[in-house]
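Chemist: In my numbering, the protein residues as written are 1374 to 1650. A virtual CB, placed ideally from N, CA and C, is assigned to each residue, including glycine.
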Amino acid sequence: MASDKSVRGMLFLSLTVVGVPGNIAVIVAFLLLIRQESLLLAADAIVLHLACANLLVVLVRCLLEMLASFRQVNVFGDIGCKTVIFIYRTSRALSIWLTFLLSAYQCLCIAPPGSSWASTRALVAQNLFIIFIFLWILHTSMSVGAIVFSVSSKNHTTPTTSAVNTEFCYVNFPSDILKEGYGAVQVSRDVVPIVLMTLSSLIILVLLYKHSQHLKGLRGAGQAGSGSSGAEQRAAKVVVVLVTMYVVLYGVDNVIILHKLMLQSLQSCCSLPGMLH
């Protein structure tokens, strides 16, 4: 078990080494672009915002996992617990929804000119700042439970079946009903954009297929196909690949979390003190 903990700690340390500089590099690159051109395209603004959210996720998640892996779990007071859980839940949700927003916007970008989708793309680009503000307000408000119910494991020595043990903190719900309801809301918040981004990726694939068939028809008729949308086509393919990887990794991450929660539930059923570290 100790070796497993060490391996997990090293994996998250590696993720930190790669994820932190990578996201910082993306942020710096776009900030320099803003300084040079005083303007960002809508897709670039989404990527910049996404990099900021991902940086927060990597910093908080990897920090907590490394501490837990090396058995440094009782390091946070109540305020520290509330802060890290709130930041993690909010930034994680923002990361998922911004990934969906990027895939949806790229789907609109490859829509045929003059279609209603093209006008929707222009509307999204014009109101992107409002969309960002809405997402921040939505997800910070949905993460309030982290502030209300989180307590330090140093101060919480009598766990109940309504408490969720996160190793470094407890999320202590007043009742099982509230725990299940809050959990359902959190899961729905994550699953909805995953489903939507998968749907947008499928639409992108359909549009790319129709476009390729159209170009084949033009070549067969002896006409040259237009290359004006080549960059958008390549970008759309990249987004599809990234979304596919995101969905797969999201599924793996949730399987690990569910397995961890199931083990904790079994421990609590056998013996409540068994939940303590």
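On the criterion of 16 or more Cβ atoms from any shown chain inside 10 Å, does K1583 qualify as buried, or is it exposed?
Modeler: Locating residue 1583 in the sequence shown gives position 210, counting from the first residue. The residue is exposed, with fewer than 16 neighbouring Cβ atoms inside 10 Å.
Chemist: Please name the residue or residues paired with A1536 in a DSSP beta bridge.
Modeler: Taking the sequence shown and counting its residues from 1, the one referred to as residue 1536 is at position 163. DSSP lists N1545 as partners of A1536.
Chemist: If I measure Cβ to Cβ from A1416 and keep anything under 8 Å in the same chain, skipping five residues before and after, which residues do I get?
Modeler: Residue numbering aside, residue 1416 sits at position 43 when the sequence shown is read from its first letter. Only L1475, Y1478, Q1479, C1482 and A1608 meet the Cβ criterion.
Chemist: Beta-carbon within less than 7 Å of W1345's beta-carbon, same chain only, minus the 5 sequence neighbours each way: which residues are those?
Modeler: The structure shown has nothing for residue 1345, since the chain only spans 1374 to 1650.
Chemist: Span of the alpha helix (DSSP H) holding V1430?
Modeler: By one-based count along the sequence shown, residue 1430 stands at place 57. From DSSP, the alpha helix (DSSP H) with V1430 extends over A1415 to S1442.
Chemist: If I measure Cβ to Cβ from S1387 and keep anything under 7 Å in the same chain, skipping five residues before and after, which residues do I get?
Modeler: Stepping through the sequence shown from its first residue, residue 1387 is reached at position 14. The answer is none, since no qualifying residue turns up.
Chemist: Just reading off the alpha helix (DSSP H) that V1448 is part of, what are its end residues?
Modeler: Looking up residue 1448 in the sequence shown gives position 75. Note, V1448: premise wrong, no alpha helix (DSSP H); not H, not E.
Chemist: When the Cα atoms are used, what is the spatial distance from D1451 to S1523?
Modeler: Here the question's residue 1451 lines up with position 78 in the sequence shown. Here the question's residue 1523 lines up with position 150 in the sequence shown. One C-alpha to the other measures close to 7 Å.
Chemist: Compare the Cα-Cα distances from V1431 to each of A1441, Y1461 and L1412 and report the closest residue.
Modeler: The count along the sequence shown starts at 1 and reaches residue 1431 at position 58. The residue with the shortest Cα to Cα distance from V1431 is Y1461.
Chemist: Between the Cα of V1333 and those of L1412, A1418 and S1535, spot the shortest distance and give me the residue it belongs to.
Modeler: Examination of residue 1333 is not possible in this model, given that the chain is present from 1374 through 1650 alone.
Chemist: Quick check on A1597: does DSSP put it in helix, strand or coil?
Modeler: Against the sequence shown, residue 1597 aligns to sequence position 224. Here the model assigns A1597 a pLDDT of 45, short of 50, so the residue's position is not dependable and the matter cannot be decided.
Chemist: Report buried or exposed for N1500, applying the criterion of at least 16 other Cβ atoms within 10 angstroms of its Cβ.
Modeler: Taking the first residue of the sequence shown as 1, we reach residue 1500 at position 127. Per the 10 Å Cβ criterion, exposed.
Chemist: Using C-beta distances below 7 Å, list every residue in its chain close to L1429, excluding the 5 sequence neighbours before and after it, in chain order.
Modeler: For the purposes of this step, residue 1429 is taken as the residue at position 56 of the sequence shown. Correct list, in chain order: I1460 and S1464.
Chemist: Got a sec, what are the start and stop residues for the beta strand (DSSP E) S1523 sits in?
Modeler: The count along the sequence shown starts at 1 and reaches residue 1523 at position 150. Where S1523 is concerned, the enclosing beta strand (DSSP E) stretches over S1523 to S1525.
Chemist: Considering just the uninterrupted stretch of the alpha helix (DSSP H) at L1511, what are its terminal residues?
Modeler: To locate residue 1511, count along the sequence shown from 1; it is residue 138. Segment L1501 to M1515, the alpha helix (DSSP H) holding L1511.
Chemist: Verify the contact flag: L1508, CB atom, against every heavy atom of the ligand FAD, threshold strictly below 6 Å.
Modeler: The ligand FAD is not part of the structure shown, which contains no ligands of any sort.
Chemist: Buried or exposed, going by whether 16 or more other CB atoms sit within 10 Å of the CB of M1383?
Modeler: Locating residue 1383 in the sequence shown gives position 10, counting from the first residue. With fewer than 16 other Cβ atoms within 10 Å, it is exposed.
Chemist: With a CB to CB cut of under 8 Å and the five nearest residues on each side skipped, what residues in its chain are close to S1548?
Modeler: Reading the sequence shown from its first residue, position 175 is the one you call residue 1548. S1535.
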